[in-house]
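These notes are about the structure you will find just below.
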């Protein structure tokens with residue numbers, strides 16, 4: 001009673017508990033070949049002694065994920081996160097997204113770190129075994145190691161009209177580290193999210209006027225690799241690798257487990273995704289839904305908004321329209337006039353091209369010309385297409401007592417990867433410039449846009465001066 005155990009004893013007890021539940025750390029490596037017999041593993045290693053080899057890298061995926069990927073949006077996000085178990089390593093993850101905005105993990109790897117060779121190993125096998133399709137967009141952090149791996153001719157990603165684009169969060173982080181100006185960082189992010197070239201250039205000019213050196217830094221990055229306005233719709237509205245980071249967050253609790261338990265956990269998690277989502281989509285189809293919830297909401301909002309538009313001219317032969325907004329939109333801009341070219345799937349507002357769904361201007365143009373707007377909705381948003389992602393079930397993974405005997409080379413962890421430092425490894429990401437709270441910097445008044453005070457205390461706000469009490 002009243003006894004307080006030391007931190008060291010509690011930590012050691014936790015490690016013993018993990019080993020008791022999930023098995024021996026070293027033997028876990030040797031279980032990998034048996035565990036992965038029904039998947040598509042690629043195990044890389046170096047010979048330790050006769051009939052044994054040291055573990056170096058592992059790539060794995062699951063057939064239902066491979067079969068389901070062609071029915072997802074044609075984009076892939078990749079990201080890496082460290083392991084913090086007894087042995088060092090990095091978990092690399094590739095994810096896709098279905099038409100309901102669900103995240104779908106499609107491939108995994110455990111490697112020595114985020115080196116160019118490790119990323120090449122991952123991207124090459126990802127391309128070869130999971131994503132051989134053409135016209136894919138790969139979204140990644142702007143690390144030299146990843147770009148170098150992508151651009152190697154044998155990676156497979158330089159063929160088939162595939163492109164790689166950068167995460168704006170990572171670019172903004174580097175920008176803040178270099179220039180320490182959060183106001184310009186916001187302009188950079190707004191520049192990336194702008195859906196039209198004029199709007200994108202508007203924010204760029206603000207940066208250039210305030211800091212020419214910062215503008216020169218931005219000029220080193222091709223516009224099509226970090227902005228929506230210049231991406232030709234390849235990003236589907238995604239500017240970050242947040243999908244991959246979200247999966248890493250979901251897998252956080254397994255990153256301190258033995259390696260075979262990590263692989264098994266990804267199997268269990270993906271299996272649960274397929275089972276749960278398949279049931280949900282089946283239920284939606286059974287009651288007559290055609291499109292995903294998010295697509296339906298965009299269409300409903302656009303239809304409501306289109307009631308405040310009018311078509312002021314059009315060419316029926318070329319399906320070219322000019323649409324005028326009669327009411328100021330909810331976006332921070334005045335009402336405008338937009339050219340819609342249905343045959344090119346183009347609207348001046350940019351939204352039609354970026355998310356591959358009709359915007360309000362397209363909807364009113366279709367109404368005016370009695371066109372069926374459904375033909376302009378990407379098939380990836382249809383529930384019958386999304387169902388094809390989850391039609392393939394994982395099946396039952398039998399207990400290891402029923403696994404066939406493995407007669408191959410034994411695999412063991414390399415002694416150099418064992419953690420020898422004192423204390424437990426950090427399990428959370430180190431905070432960077434992107435995590436700096438805006439409150440640490442002067443905030444502009446929302447009324448006069450000058451720093452040093454708020455709207456309630458603004459000397460230029462006549463309404464606030466008139467309400468000041470006198471004694």
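Residue numbers (full-length UniProt numbering): 1 to 471.
The C-beta atom is built at its ideal place from N, Cα and C for all residues, glycine as well.
These numbers come from a predicted model, not from an experiment.
Rounded to whole angstroms, the gap between the alpha carbons of residue 68 and residue 211 is 47 Å. In this structure, residue 376 keeps its C-beta atom at 9 Å or more from the C-beta atom of residue 99.
Boundaries for residue 160: no beta strand (DSSP E) harbours it, and the DSSP string shows neither H nor E there.
In the same chain as residue 141, and ignoring 5 residues on each side of it, the C-beta atoms closer than 8 Å to its own belong to 79, 166, 167, 170, 241, in chain order. Between residue 364 and residue 339, the gap from beta carbon to beta carbon reaches 9 Å or more. In this structure residue 5 is exposed. Its beta-carbon is surrounded by fewer than 16 other beta-carbon atoms within 10 angstroms. Taking all protein chains shown into account, residue 343 has fewer than 16 neighbouring C-beta atoms within 10 Å of its C-beta and is therefore exposed. In the three-state reduction of the DSSP assignment, residue 394 falls in the coil class.
Residue 32 is not a Cβ neighbour of residue 76, given a cutoff of 9 Å.
Per DSSP, the unbroken beta strand (DSSP E) holding residue 315 starts and ends at 309-315. Every beta strand (DSSP E) stretch that sits fully inside the stretch 163-246 and reaches 3 residues is listed by chain position as 163-166. In chain order, 325 place their CB closer than 7 Å to the CB of residue 336, counting only its own chain and leaving out the 5 sequence neighbours on each side. Inclusion of residue 86 and residue 418 in the CB contact set at 9 Å is warranted, their separation being smaller than that value. Among the bridge pairs identified by DSSP, residue 81 is matched with 91. Between residue 156 and residue 128, the C-beta gap is smaller than 9 Å, which places the two residues in contact. Taking all protein chains shown into account, residue 114 has 16 or more neighbouring C-beta atoms within 10 Å of its C-beta and is therefore buried. Our two residues, residue 196 and residue 227, have alpha carbons roughly 10 Å apart in a direct line. Taken through DSSP and simplified to helix, strand or coil, residue 134 comes out as coil. In this structure, residue 370 and residue 321 do not form a Cβ contact; the two beta carbons are roughly 13 Å apart against a cut-off of 8 Å. The DSSP-derived three-state label of residue 62 is coil. The residues 223, 224, in chain order, have a CB closer than 6 Å to that of residue 230 in the same chain once the five nearest residues on each side in sequence are set aside.
Per the C-alpha coordinates, the member of 131, 263, 188, 275 positioned closest to residue 390 is 275. For residue 72, the closest of 403, 136, 420 by C-alpha to C-alpha distance is 136.
Residue burial annotation: residue 218 is buried, with at least 16 other C-beta atoms found within 10 angstroms of its C-beta.
By the criterion of a C-beta distance shorter than 6 Å, residue 381 is surrounded in its chain by 99, 291, 292, 295, once the five residues flanking it on both sides are discounted.
Apart from sequence neighbours up to five positions away, the residues of its chain that approach residue 192 with a beta-carbon distance below 6 Å are 168, 226, 227, 239, ordered along the chain. Residue pairing for residue 338: DSSP places it in a beta bridge opposite 323. In the displayed model, residue 73 falls within coil according to three-state DSSP, outside both helix and strand. A direct Cα-Cα distance of roughly 23 Å separates residue 357 from residue 161. Residue 258 has no beta-bridge partner at all, per DSSP.
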